[in-house]
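Below is one structure, written out as structure tokens, with a few remarks after it.
Residue numbers (the numbering used here): 5 to 599.
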């Protein structure tokens with residue numbers, strides 16, 4: 005149990021002790037700053053500790069936001085400060101300095117927690133301060149101010165604010181208007197029954213997998229059930245995040261589940277649709293794989309652009325200013341959010357088309373919609389990059405290099421076959437074009453030669469830091485080249501099972517790339533070097549697949565793709581699970597709806 009230490013002069017009739025106990029704190033009382041320092045030292049070192057002024061007046065949810073959020077070592081609201089185990093030493097030192105400076109005599113006059121927060125800020129220590137909005141958190145200086153604060157508390161419905169803040173501040177049109185109005189109440193229902201966000205996330209995954217199984221039946225009833233269950237899965241997907249925000253139940257495991265399950269659900273559903281179509285005599289595996297490739301490349305564009313610019317200096321452009329202006333006009337905000345086909349709109353479209361049409365029509369609509377969205381967003385980002393004079397940081401360049409996923413063969417070939425291929429983007433484009441021409445040439449060994457040139461170009465692209473205006477395009481180019489190679493060679497094999505095996509391989513590799521993204525977002529760096537070497541890097545896998553296609557028969561190639569998919573999946577999943585359940589994993593939670 006966490007420990008809360010009340011400091012200062014107690015106020016008759018105050019509810020602060022009961023409020024803290026309702027939040028799970030064991031409440032202690034400190035007569036002065038020296039006593040508070042002693043009680044902090046006596047609190048179990050593996051537990052959270054909080055200092056709260058006994059005169060505090062405010063909403064319970066304000067205390068909850070300031071004192072129970074697990075993502076931050078140190079946090080505060082007016083009149084209260086808290087430290088998790090990794091922030092205890094910092095808090096203890098600040099408290100000791102205040103006490104030695106004579107703060108013990110001032111504890112009845114002003115707020116000890118606020119003085120501690122000021123001292124921490126003066127030392128340059130980062131203290132999280134939640135946005136309270138209309139919630140009240142104050143330490144009144146006199147009876148009149150106290151009465152005014154109590155009236156302000158009574159004027160604002162704590163529970164209504166809590167429910168509203170459970171919903172993301174920025175969501176898509178479908179999610180905002182068709183899901184969140186009721187899913188927030190489902191989140192509260194779950195909270196009151198002790199359910200955790202991870203349990204709801206798992207329920208969402210199970211529901212989506214059942215939807216995929218229904219689609220795989222290939223019957224009209226199965227397709228209708230699949231569409232309904234896909235929407236139900238999305239409702240639960242929204243609910244888990246709202247439950248986490250409602251009850252502040254953030255965790256590293258939850259971050260991993262939230263980051264990976266959305267893609268697992270969507271791509272499993274693609275596979276279910278392809279299986280259902282096959283039962284009806286229609287082979288749409290190439291469309292399913294194409295949809296997965298397009299969607300993954302869209303995400304890599306988003307991730308690369310954001311990482312390249314998130315800490316850039318002089319990061320302004322006329323295009324960005326125009327975008328901000330459009331976002332200030334009501335109806336354009338929703339139009340701009342809808343045309344990029346975010347997850348809510350996309351899943352709603354897939355669900356309706358599954359129930360009403362055929363898998364082939366569903367995939368055609370998905371590919372057209374995603375292609376338009378990808379073109380729109382990428383063009384806008386290219387314009388921003390060309391018109392802004394941003395200076396990329398070393399951190400951004402390293403993040404882009406990690407997203408590129410170069411393996412050992414790229415570095416070796418770059419050193420052996422050093423060639424003046426221009427800048428990073430020119431090298432990446434050149435290698436990708438040569439590979440594409442080779443794949444469509446119809447010559448058996450041409451793809452191998454093209455893959456070799458591509459591997460050399462991959463090494464050249466990362467020979468210098470990725471700090472150019474458009475160098476953020478390098479990782480998505482590599483994703484498109486690798487995934488496209490697998491798709492083209494599997495389709496060319498023209499044998500049953502080749503495209504499903506290719507789907508499995510791309511899914512396994514895509515998981516590795518998503519895993520890399522969320523590690524970088526959590527400032528945990530890229531996956532370990534041994535993993536990248538073990539699975540070959542993007543250029544190594546591309547070269548291997550082209551060699552296998554040239555050496556083996558179509559049936560043997562299918563088996564090889566299957567074995568490779570299983571091997572990559574096992575390696576990346578074992579390492580990913582090990583990392584995300586470890587104590588050092590970051591808590592990464594998206595607050596914007598991903599495309």
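Each residue gets a CB set at the ideal place from its N, CA and C atoms; glycine is no exception.
Since we're looking at a predicted model, the values are computed, not measured.
{"Asked": "If you count every other CB in all the chains shown that lies within 10 Å of the CB of residue 446, and 16 or more means buried, which is it?", "Found": "exposed"}
{"Asked": "Where does residue 351 land, buried or exposed, given buried means 16+ other C-beta within 10 angstroms?", "Found": "buried"}
{"Asked": "Which runs of the beta strand (DSSP E) at least 3 residues long sit entirely within the stretch 13–70? Give them in chain order.", "Found": "29–34 and 53–57"}
{"Asked": "Counting only the same chain and skipping the five closest in sequence on each side, list residues whose C-beta sits under 8 Å from that of residue 338.", "Found": "177"}
{"Asked": "Tell me the rounded alpha-carbon separation between residue 495 and residue 504.", "Found": "10 Å"}
{"Asked": "Got a sec? Which residues, its chain only, sit under 6 Å from residue 258 by beta carbon, not counting five neighbours each side?", "Found": "201 and 202"}
{"Asked": "Is the Cβ-Cβ distance between residue 230 and residue 358 less than 8 Å?", "Found": "yes"}
{"Asked": "So the beta strand (DSSP E) residue 86 belongs to, where does it begin and stop?", "Found": "84–87"}
{"Asked": "What's the gap between the Cα of residue 597 and the Cα of residue 346?", "Found": "Because the pLDDT of residue 597 is 45, which lies under 50, any placement of that residue in the model is unreliable, and the question is left without a value."}
{"Asked": "Under three-state DSSP, which class holds residue 612?", "Found": "This structure does not reach residue 612, given that the chain is present from 5 up to 599, and the question cannot be answered."}
{"Asked": "Relative to the alpha-carbon of residue 566, which residue among 541, 574, 508 and 531 has its alpha-carbon at the smallest distance?", "Found": "508"}
{"Asked": "Taking C-beta to C-beta, are residue 462 and residue 435 nearer than 8 Å?", "Found": "yes"}
{"Asked": "Using a 10 Å radius around the Cβ and a threshold of 16 neighbouring Cβ atoms, would you call residue 390 buried or exposed?", "Found": "exposed"}
{"Asked": "When we look at the beta-carbon of residue 374 and count the other beta-carbons within 10 Å, is it buried (16 or more) or exposed?", "Found": "buried"}
{"Asked": "Along the beta strand (DSSP E) that carries residue 7, what are the first and last residues, could you check?", "Found": "6–11"}
{"Asked": "Checking 8 Å against the spacing of the C-beta atoms, do residue 506 and residue 491 come in under that value?", "Found": "yes"}
{"Asked": "Taking its Cβ as the centre, do 16 or more other Cβ atoms sit within 10 Å of residue 534, making it buried, or is it exposed?", "Found": "exposed"}
{"Asked": "Tell me the rounded alpha-carbon separation between residue 497 and residue 448.", "Found": "11 Å"}
{"Asked": "Mind the definition here: the stretch 167–175 touches the stretch 212–226 only if three or more C-beta pairs lie below 8 Å; say whether that holds.", "Found": "no"}
{"Asked": "Is the beta carbon of residue 159 closer than 8 Å to that of residue 208?", "Found": "no"}
{"Asked": "If I follow the unbroken alpha helix (DSSP H) through residue 484, where does it start and stop?", "Found": "478–497"}
{"Asked": "Taking residue 81 as part of the beta strand (DSSP E), name the residues at either end of that continuous run.", "Found": "78–81"}
{"Asked": "Could you say if the stretch 244–252 and the stretch 288–305 meet the contact criterion of at least three C-beta pairs nearer than 8 Å?", "Found": "no"}
{"Asked": "Can you grab the Cα-Cα spacing for the pair residue 478 / residue 419, in whole Å?", "Found": "19 Å"}
{"Asked": "Spatial neighbours of residue 108 within its chain, please: C-beta separation below 6 Å, excluding the five flanking residues on both sides.", "Found": "Its pLDDT being 47, under 50, residue 108 is placed unreliably by the model, and nothing is read from it."}
{"Asked": "Could you tell me the alpha carbon to alpha carbon distance between residue 573 and residue 538, rounded to whole angstroms?", "Found": "12 Å"}
{"Asked": "With distances taken from CA atoms, which of 458, 472, 77 and 349 is nearest residue 541?", "Found": "458"}
{"Asked": "Measure the beta-carbon distance from residue 292 to residue 376 and round it to whole angstroms, keeping in mind my assumption that it falls under 8 Å.", "Found": "About 19 Å; that fails the 8 Å criterion."}
{"Asked": "Which same chain residues end up closer than 6 Å to residue 21 when comparing Cβ atoms and leaving out the 5 residues on each side of it in sequence?", "Found": "31"}
{"Asked": "Cutting at 8 Å between CB atoms, please list the residues of its own chain near residue 213, excluding the five before and the five after it.", "Found": "269 and 272"}
{"Asked": "Which of helix, strand or coil does DSSP assign to residue 174?", "Found": "strand"}
{"Asked": "Residues in the same chain with beta-carbon distance under 8 Å from residue 51, minus the five sequence neighbours each way, listed in chain order, please.", "Found": "5, 6, 7 and 89"}
{"Asked": "Between which residues of its own chain and residue 34 is the CB-CB distance below 6 Å, once the five residues before and five after are set aside?", "Found": "9, 11, 40 and 43"}
{"Asked": "Helix, strand or coil: which one does DSSP assign to residue 105?", "Found": "coil"}
{"Asked": "I need the DSSP call for residue 299, collapsed to helix, strand or coil.", "Found": "helix"}
{"Asked": "Residues in the same chain with beta-carbon distance under 7 Å from residue 142, minus the five sequence neighbours each way, listed in chain order, please.", "Found": "61, 62, 82, 83 and 153"}
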